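Notes for the one structure printed next.
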Amino acid sequence: MITCIGVGPGDIGFLTQKAASLIGAADVVAGFDAVVNVVGSIIPGRASVITMGYKDQTERLAEVARLHHQGAMCVVVFMGDIHFSGFQYLERVERACGHSVETLPGISSAQILASRGHVCFDETTFITFHRRGDIEPFKQHLLHVLQDGRNAIVIPRPWDFMPTDIAAYLIAEGAAPGHRAEVWENLTGSEAHWTGELCELAVLNKSQTLQQAGLSAGIARGIQAKPHTCETNSGAPCCTEVLKAAPGFLPDMPGHVAPAAVEHAARGPFSDMSILLIRALHQWPSQLEAADQK
3 MITCIGVGPG
13 DIGFLTQKAA
23 SLIGAADVVA
33 GFDAVVNVVG
43 SIIPGRASVI
53 TMGYKDQTER
63 LAEVARLHHQ
73 GAMCVVVFMG
83 DIHFSGFQYL
93 ERVERACGHS
103 VETLPGISSA
113 QILASRGHVC
123 FDETTFITFH
133 RRGDIEPFKQ
143 HLLHVLQDGR
153 NAIVIPRPWD
163 FMPTDIAAYL
173 IAEGAAPGHR
183 AEVWENLTGS
193 EAHWTGELCE
203 LAVLNKSQTL
213 QQAGLSAGIA
223 RGIQAKPHTC
233 ETNSGAPCCT
243 EVLKAAPGFL
253 PDMPGHVAPA
263 AVEHAARGPF
273 SDMSILLIRA
283 LHQWPSQLEA
293 ADQK
């Protein structure tokens, strides 16, 4: 038997009882190192643990499949919920096994973000770019979501399409620069967040002096983008000041940092544990009155 399990957003307190029961009964627990670490405290001592990374996942999953076919009870753990952003990994598991496998959903970081941002999925569309292959259709879908007046919860692609890239793309394609945006990192863990407008987010990759302020590869808790009025929809960044830091962080930072002062990183100021909320320009009105009249 083999089961693929969503273990939640990172805090083991969000692991479902069913998932904990399956892990506790497993002969083999497999997954990426960071995901296995989430449930490490409940893996039974008798179980074999098979960890992997992007480069060796095919070989390691073949080992899991071999043990499964020998009769071992195997569990493959996924971060969050398999059905939000794990289907390519699930496909790899099923190819290794030669058949479809059972899946158990978990709590996704997208659900946690919806809670933090106080948005509902009736009015929100989830899109993930955390996938191999062509993401152009998903980029266009995101544009249409915003054009339709819906919120968007977006998982970036760590190696080439992070929150700053997403914002720059949307503005270049005609999205309104004034959309409110929030980037959250390490939800349910050592949380950090940034809030501001889409045009401000688009130029944050030019503001790596966040690292010079002694902040390691993440973002400062409580940093807020400075409110302003956008004057153009030409596709170019329109803000005159990129960030206004919380007290103690970069109090005199100019809006556009000279290139010599910028330590460039492909991910900008965000880590690969980030997730993005882009709010609709106009929030949906309450429907309670209309419903009460029926």
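If you read the sequence shown in our numbering, its first letter stands for residue 3, the second for the next number, and so on.
For every residue, glycine included, the Cβ atom is placed at its ideal position computed from N, Cα and C.
This one's a predicted model, so the numbers in the text were calculated from it and none came from an experiment.
Drop a sphere of 10 angstroms on the beta-carbon of residue i, count the other beta-carbons inside from all chains shown, and report buried for 16 or more, exposed for fewer.
i, result
"W161", "exposed"
"E199", "buried"
"D167", "buried"
"D150", "exposed"
"E202", "buried"
"H70", "buried"
"L283", "exposed"
"H181", "buried"
"I131", "In the sequence as displayed, the identity of residue 131 is Phe instead of Ile. It counts as buried."
"R134", "exposed"
"L24", "buried"
"V79", "buried"
Once the 5 residues before and after residue i are set aside, which same chain residues still bring their CB inside 6 Å of it?
i, result
"W286", "E125"
"L189", "P11, S111, I114"
"L278", "V156, P165, V185"
"T105", "C6, I84"
"I280", "A154, H181, A183"
"F305", "Not covered by the structure: residue 305. The range shown for the chain is 3 to 296."
"Y56", "none"
Within the same chain, show all residues whose beta-carbon is closer than 8 Å to that of residue i, passing over the 5 residues directly before and after it, in chain order.
i, result
"S276", "P158, M164, P165, V185, W186, E187"
"I14", "V40, V41, S43, I44"
"D29", "R48, A49, S50, L69, A74, M75, C76"
Taking residue i as part of the beta strand (DSSP E), name the residues at either end of that continuous run.
i, result
"H195", "194-199"
"R94", "Run containing R94: none in the beta strand (DSSP E); it sits in the alpha helix (DSSP H), 89-99."
Can you list, in chain order, the residues of its chain whose CB lies under 7 Å from that of residue i, leaving out five sequence neighbours each side?
i, result
"G26", "I44, P46"
"K141", "Y171"
"Y91", "F80"
Let's see if you can read the secondary structure: which residues bound the alpha helix (DSSP H) around residue i?
i, result
"N39", "35-40"
"G119", "111-119"
"Q69", "Correcting the residue type first, residue 69 is Leu in the shown sequence and not Gln. Unbroken alpha helix (DSSP H) run through L69: 59-71."
Is the number of C-beta pairs between the segment 42-54 and the segment 92-110 that are closer than 8 Å three or more? no
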